[in-house]
Amino acid sequence: MERRRDTDPGQREGQAAGQGEGNGIPFVPPEQSPPEFTFPAVLVGVVLGILFGASSLYLVLKVGLTVSASVPIAVLSVTLFRACSRALGWRRATILENNIVQTTGSAGESIAFGVGVTMPALLLLGFEMDPIRVMTV
């Protein structure tokens, strides 16, 4: 099967031809099998999830508002992997690894936010909370 490689002057470098037109050309071709669920990707996602979870929880308890950490985590993921590949000579991370980092970090931040807002609400409603149970959650 031949892939379409038409180019137009407004197309960005590295962008698949026809992307966004609904013609179904995948960004990662089926014949490629780049690394996706790797230890560095999960580790960076967990660390960023903890950092953004703590900051999001602090912000929501202090101000009452929070932001989604999905986009900042995705940007930091690309930046961290690019810096490590240049400075330490590691291989460049794939788009799928960056997707794992973004998903892991965003999920961690969402869980921290959900638990951090629910616990004070339960206390305000008058539920007794065992300190050990609260700390394990």
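In the numbering used here, the protein residues as written are 187 to 323.
Ideal placement from N, C-alpha and C gives every residue a C-beta, glycine not left out.
Every value quoted in this text rests on a predicted model; they were computed, and no experiment measured them.
Cβ separation of residue i and residue j, assumed to be a contact under 8 Å, to the nearest whole Å
i: L234; j: G291; result: 4 Å
i: S242; j: E295; result: 5 Å
i: A227; j: I286; result: 4 Å
i: A266; j: V230; result: Before going on, a small fix: residue 266 reads as Leu here, not Ala. Contact flag correct, Cβ pair sits at about 6 Å.
i: Q288; j: A260; result: 4 Å
When the options are compared against residue i, the one with the closest alpha-carbon
i: V253; options: P212, M305, G239, A273; result: G239
i: G247; options: G231, L282, G300; result: A small correction: the amino acid at residue 247 is Leu; Gly does not occupy that position in the sequence shown. Cα-wise, what sits closest to L247 is G300.
i: V264; options: S256, A255, I281; result: I281
Between the CA atoms of residue j and residue i - distance to the nearest angstrom
i: L143; j: P216; result: This structure gives no information on residue 143, because the portion of the chain shown stretches from 187 to 323.
i: P306; j: A293; result: 21 Å
i: L308; j: M315; result: 8 Å
i: W276; j: I318; result: 42 Å
Residue burial classification, residue i (beta-carbon count within 10 angstroms, cutoff 16)
i: F225; result: exposed
i: E283; result: buried
i: A255; result: buried
i: V262; result: Note that residue 262 is Leu in the sequence shown, not Val. It is buried - the Cβ of L262 has at least 16 other Cβ atoms within 10 Å.
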